[in-house]
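Protein chains in written order, with the numbering used here: chain R, 37 to 487; chain Z, 37 to 487. Glycine residues also receive a C-beta, built at the ideal position from the N, C-alpha and C atoms. Source: prediction; values computed, not measured. Worksheet for the structure shown next.
2 protein chains.
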Amino acid sequence: MSKVKIFLEEKDMPRAWYNIQADMPNLPRPAMNPDTKEPVGPGDLAPIFPMALIMQEVTTERWIEIPDEVMEIYKLWRPSPLIRARRLEKALDTPAKIYYKHEGVSPAGSHKLNTAVPQVYYNKIEGMKRLTTETGAGQWGIALSQACNFFGLECIVYMVKISFQQKPYRRTMMEAFGARMYASPSDNTDTGRQILREDPDNMGSLGMAISEAVEDAIGRDDTHYALGSVLNHVLLHQTVIGLEAKKQLEMVEEYPDVVIACCGGGSNFGGIAFPFAYDKIKKESKVRLVAVEPSACPTLTRGHHGYDFGDVAGFTPLLCMYSLGKDFMPPGIHAGGLRYHGASPLVSQLVKDGIAEAQSYGQTAVFDSGVLFARCEGIIPAPESSHAIHGAVKEALAAKEAGEARTILFNLSGHGLLDLPSYEFYLNQKLVDQPLSEESLKQALAGLPQI
Amino acid sequence: MSKVKIFLEEKDMPRAWYNIQADMPNLPRPAMNPDTKEPVGPGDLAPIFPMALIMQEVTTERWIEIPDEVMEIYKLWRPSPLIRARRLEKALDTPAKIYYKHEGVSPAGSHKLNTAVPQVYYNKIEGMKRLTTETGAGQWGIALSQACNFFGLECIVYMVKISFQQKPYRRTMMEAFGARMYASPSDNTDTGRQILREDPDNMGSLGMAISEAVEDAIGRDDTHYALGSVLNHVLLHQTVIGLEAKKQLEMVEEYPDVVIACCGGGSNFGGIAFPFAYDKIKKESKVRLVAVEPSACPTLTRGHHGYDFGDVAGFTPLLCMYSLGKDFMPPGIHAGGLRYHGASPLVSQLVKDGIAEAQSYGQTAVFDSGVLFARCEGIIPAPESSHAIHGAVKEALAAKEAGEARTILFNLSGHGLLDLPSYEFYLNQKLVDQPLSEESLKQALAGLPQI
């Protein structure tokens with residue numbers, strides 16, 4: 037009988053993260069202070085991030101050692117299994133081999149914990165007692181709550197009010213790990229109080245929640261702020277995914293023809309793809325690296341590459357990336373984690389340079405593939421991860437068409453057990469695609485800063 | 037650094053289930069036809085179960101080979117990891133070593149899939165096209181839905197109406213795997229229609245749902261019924277848990293001083309404990325086998341050992357077991373899977389003969405330990421499984437008191453991601469203990485059949 041799961045031993049876990057800034061043919065242009073138009077320096081970021089993370093943001097060292105304290109926590113769920121999706125292959129009647137890396141086994145249910153743990157660790161050794169963050173759908177908030185709990189820091193989460201009310205399971209999970217929760221806009225910050233004075237019924241947005249979290253952090257010496265995607269140090273931490281996957285594929289004497297992940301801010305795509313991008317940059321492989329995004333929020337496929345703000349309020353430095361414009365409001369698709377106007381500068385640069393590529397799909401096709409995957413493999417995928425699944429299904433069918441036994445690797449970034457209401461929508465045939473129209477795209481891009 | 041997870045290779049998976057009926061000093065008295073007072077024969081059960089399962093119910097062969105088709109599905113999640121709870125040990129400051137078997141990694145989120153898969157398989161090879169069952173909280177319904185989906189059988193689930201309305205996540209999960217769901221009482225059976233005529237607002241009970249599922253199965257030649265606990269063949273299938281755990285402990289040169297599991301119908305307790313009970317019966321070990329139940333439904337600790345019906349309606353054969361009486365209505369504690377008036381005849385006999393022992397605890401203490409475990413190990417446990425955790429915590433503290441480095445093994449029968457509303461009750465300090473009073477116990481036992 038055939039082997040299904042490929043487990044790495046704990047002793048063979050990667051001991052360092054891979055920093056793709058060491059090897060990129062072109063680095064992204066640096067983050068810029070919007071007022072001075074000068075590159076942002078470490079001092080600009082020190083009020084909200086610890087120096088260790090600020091240095092990881094800019095270093096070109098190839099390998100960054102993973103601290104022992106982080107390794108010990110990683111071992112609660114890492115190395116994550118690599119699984120051969122044999123039943124999915126059979127259902128598609130494809131000669132392709134489909135492997136997936138299962139990041140849903142983390143206690144947080146997603147890959148987000150890979151970066152939450154080191155972020156909290158570096159803040160702790162710099163003496164921080166509290167960390168603030170924002171969360172929309174809740175995956176990042178859960179990860180940071182757990183990481184803070186593991187290291188004994190207080191975690192303050194500003195959760196977009198509409199999600200706070202509509203996603204009680206995720207809220208309770210954060211509370212179970214001891215997080216202090218605020219429905220944003222809240223009366224805990226000037227920003228929140230101001231908004232509530234003008235509009236007491238405001239249901240919040242990610243942009244407002246970021247503003248509240250940053251204000252809370254800046255106001256106190258014992259407090260920093262943490263971000264769950266987009267930035268270089270976040271993607272750095274996520275490379276454990278791809279490093280493990282590479283070793284696991286070697287164990288079964290495989291190398292992928294294509295590596296696929298969904299892409300919102302870009303951290304799970306970067307995490308699995310960067311270690312393979314290294315091979316491609318070094319001309320040792322022709323592996324295709326495919327970022328899959330929703331057609332409702334097609335940042336990499338249809339956005340503009342240049343400077344834009346990372347947040348809606350315009351508090352952050354300007355980042356050089358693909359963007360639809362910070363004021364772009366994506367429709368309320370069920371993959372909440374992919375509703376972001378920008379994309380990681382590192383991922384954007386790789387796409388711009390032709391090292392990675394991007395595809396976009398509508399959510400009904402994505403859910404079709406997600407449910408097919410669930411019925412074959414048993415795992416309910418997160419709606420975000422179902423974008424990667426759909427990309428893999430497309431590739432497997434193309435391999436069948438071509439009659440080629442291609443090897444496909446995709447990242448299952450998280451499970452969907454707390455997203456079951458979205459599946460109810462799908463099963464009741466209430467899902468609709470809302471692809472970005474040419475008109476809306478034009479409007480969205482008009483909001484880009486003039487630089 | 038220390039090893040946390042002990043993985044077994046797929047090639048070392050047990051190839052046979054262990055049948056404790058081969059080795060028990062005393063077998064339970066046989067199931068009895070309530071009308072004739074004669075032992076039940078295979079023919080009595082044939083309308084609802086396939087012959088392979090009926091034979092597994094009564095055989096005294098020690099090893100029952102696991103079919104290849106079942107092994108292939110088991111490999112989607114088995115062997116499940118054995119994990120050393122180092123952070124929990126540290127939090128308790130105990131010299132004890134605490135290991136847990138993580139059955140929550142199954143696609144169904146609990147151990148229930150271990151028996152759902154072979155039950156569907158044996159029904160399929162006997163030509164069945166449909167399987168019916170009942171579900172209360174929903175764990176068993178999810179497992180049978182998934183197993184039917186894997187083998188292409190139709191699954192019909194009668195879900196207690198109050199749960200159908202209050203647990204939409206579990207309902208949606210069953211639907212995602214293609215199950216046909218009925219809120220019970222339904223208008224799909226005579227039983228249901230009769231109840232609804234008398235009381236259109238009836239919110240259902242497990243007893244009514246069983247009656248509907250059995251009626252549906254008896255009425256059609258292509259349909260059987262499936263049960264998720266209590267019966268011998270169910271516990272047989274669950275012994276994969278204990279067989280794997282034994283091998284995994286051997287890999288780290290350990291043997292448990294005590295094995296702990298929660299106990300409702302008894303299948304997860306039997307699953308982990310029976311392979312160790314073998315050693316004890318053969319005088320090769322003095323391992324303690326501890327079944328933990330809620331003080332609100334203390335079947336093994338305070339029930340009566342003798343014949344009783346397995347269901348509320350009195351449709352089933354009489355089983356020789358510990359029982360609180362089929363009419364006993366346990367309070368609405370959050371561990372819905374432990375709200376059962378009886379206990380497996382095999383487990384009951386082992387407790388009666390002093391080979392296993394039982395403990396009961398109130399749910400506030402159980403949730404205290406469940407949340408402590410979550411904060412240490414990262415995993416939100418099912419409220420049922422938290423009973424085992426609480427038992428393990430008690431043992432670890434006793435080891436500390438005694439200054440002994442005892443080895444504790446417990447079964448984490450499932451995760452609690454779909455039980456988060458219960459955690460919200462706990463965190464808001466709304467949970468109360470409802471231990472069974474002497475008066476209620478007297479009343480409950482008065483309902484036992486006079487045989």
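Which value, in whole angstroms, describes the spacing of the CA atoms of residue i and residue j?
i, j, result
"Met287/Z", "Pro50/Z", "15 angstroms"
"Met37/Z", "Glu108/R", "In this prediction, Met37/Z has a pLDDT of 47, which is less than 50 and means its spatial position is unreliable; what the coordinates show is noted afterwards. Using only the alpha carbons, I get a separation of about 8 angstroms."
"Gly214/R", "Val323/R", "43 angstroms"
"Tyr343/Z", "Lys318/Z", "28 angstroms"
"Thr497/R", "Glu251/R", "Coverage of chain R is limited to positions 37 through 487, which leaves residue 497/R absent and any answer about it impossible."
"Phe310/R", "Gly145/R", "22 angstroms"
"Met195/R", "Val348/R", "16 angstroms"
"Tyr358/Z", "Glu474/Z", "17 angstroms"
"Phe186/R", "Lys165/R", "13 angstroms"
"Leu491/R", "Val407/R", "What is shown of chain R runs 37 to 487, which leaves residue 491/R out entirely."
"Asn304/R", "Ser247/Z", "48 angstroms"
"Thr171/Z", "Met244/Z", "11 angstroms"
"Gln385/R", "Leu63/R", "7 angstroms"
"Glu105/Z", "Val468/Z", "45 angstroms"
"Ser265/Z", "Asn55/R", "51 angstroms"
"Lys41/Z", "Asp71/Z", "52 angstroms"
"Lys557/R", "Gly452/Z", "Residue numbering for chain R in the displayed model covers 37 to 487; residue 557/R lies beyond these limits and cannot be assessed."
"Ile254/R", "Leu484/R", "27 angstroms"
"Ile277/R", "Pro457/Z", "32 angstroms"
"Gly372/Z", "Lys160/R", "40 angstroms"
Starting from residue i, find everything on chain Z with Cβ-Cβ shorter than 7 angstroms and list it in chain order.
i, result
"Lys212/R", "According to the sequence provided, residue 212/R is Ala. The question's Lys does not apply to it. Going along chain Z in sequence order, the residues near Ala212/R (Cβ under 7 angstroms) are Val407, Ala410, Ile416, Tyr459, Leu463."
"Gly234/R", "It should be noted that the sequence gives Glu, not Gly, for residue 234/R. Chain Z residues near Glu234/R: none, gap ~31 angstroms exceeds 7 angstroms."
"Val40/R", "Glu46, Lys111, Leu112"
"Pro154/R", "What Pro154/R touches in chain Z: nothing, since even the nearest Cβ is about 16 angstroms away."
Can the beta-carbon of residue i be found less than 8 angstroms from the beta-carbon of residue j?
i, j, result
"Ile308/R", "Gly427/R", "no"
"Ala327/R", "Leu128/R", "no"
"Val153/Z", "Ala183/Z", "yes"
"Ala173/Z", "Phe200/Z", "no"
"His423/R", "Val402/R", "yes"
Which bits of chain R does residue i rub up against, with CB to CB less than 8 angstroms?
i, result
"Leu448/Z", "Residues of chain R passing the Cβ test: none, with the nearest at roughly 13 angstroms."
"Gln182/Z", "Gly414"
Going along chain R in order, which residues have a C-beta closer than 9 angstroms to the C-beta of residue i?
i, result
"Asn150/Z", "None at all; the shortest Cβ gap to chain R is about 13 angstroms."
"Phe200/Z", "Within chain R, no residue comes near Phe200/Z; the closest Cβ sits about 13 angstroms away, beyond 9 angstroms."
"Pro83/Z", "Here the premise fails: no neighbours, minimum Cβ distance about 30 angstroms."
"Pro204/Z", "Leu456, Pro457, Glu460"
When DSSP builds the beta bridges, which residues end up paired with residue i?
i, result
"Arg233/R", "Its beta-bridge partners do not exist; DSSP assigns none."
"His138/R", "Leu448/R"
"Gly342/Z", "Met357/Z"
"Trp53/Z", "Ile100/Z"
"Glu170/Z", "Tyr194/Z"
"Pro75/Z", "Met68/Z"
"Val468/R", "Beta-bridge pairing links Val468/R to no other residue."
"Ala219/R", "Met195/R"
Using a Cβ-Cβ distance under 8 angstroms, would residue i count as near chain A?
i, result
"Glu413/R", "The structure shown contains no chain A; the protein chains it does contain are R and Z."
Can you pull the chain Z neighbours of residue i, defined as C-beta to C-beta under 8 angstroms?
i, result
"Thr208/R", "Leu456, Pro457, Tyr459, Glu460, Leu463"
"Asn185/R", "Arg411"
"Tyr136/R", "Within 8 angstroms Cβ-Cβ: nothing; Tyr136/R doesn't reach chain Z, min ~12 angstroms."
"Pro131/R", "Under the 8 angstroms cutoff, chain Z gives no residues; its nearest Cβ is about 20 angstroms from Pro131/R."
Which residues in chain R sit within 7 angstroms of residue i, going by Cβ to Cβ distance?
i, result
"Leu453/Z", "Leu453, Leu454"
"Phe43/Z", "Phe43"
Say whether the region 377-388 of chain R touches the region 39-50 of chain Z, bearing in mind that this needs 3 or more beta-carbon pairs closer than 8 angstroms, one atom from each stretch. no
Cβ contact check for the region 71-82 of chain Z and the region 228-243 of chain Z: 3 or more pairs under 8 angstroms: no
For this session: Would you be able to state if there are at least three C-beta pairs under 8 angstroms between the region 438-450 of chain R and the region 355-367 of chain R?
Result: no
Is there contact between the region 178-190 of chain Z and the region 204-214 of chain Z, where contact requires at least three CB pairs shorter than 8 angstroms? yes
- Count the C-beta pairs between the region 255-273 of chain R and the region 83-95 of chain R that are closer than 8 angstroms, then say yes if the count reaches three, no if not. yes
When you compare the region 394-402 of chain R with the region 61-72 of chain R, are there three or more beta-carbon pairs, one atom per stretch, that lie closer than 8 angstroms? Too few Cβ pairs lie closer than 8 angstroms, so no.
Any contact between the region 328-339 of chain R and the region 365-376 of chain R? By contact I mean 3 or more CB pairs, one from each, below 8 angstroms. yes
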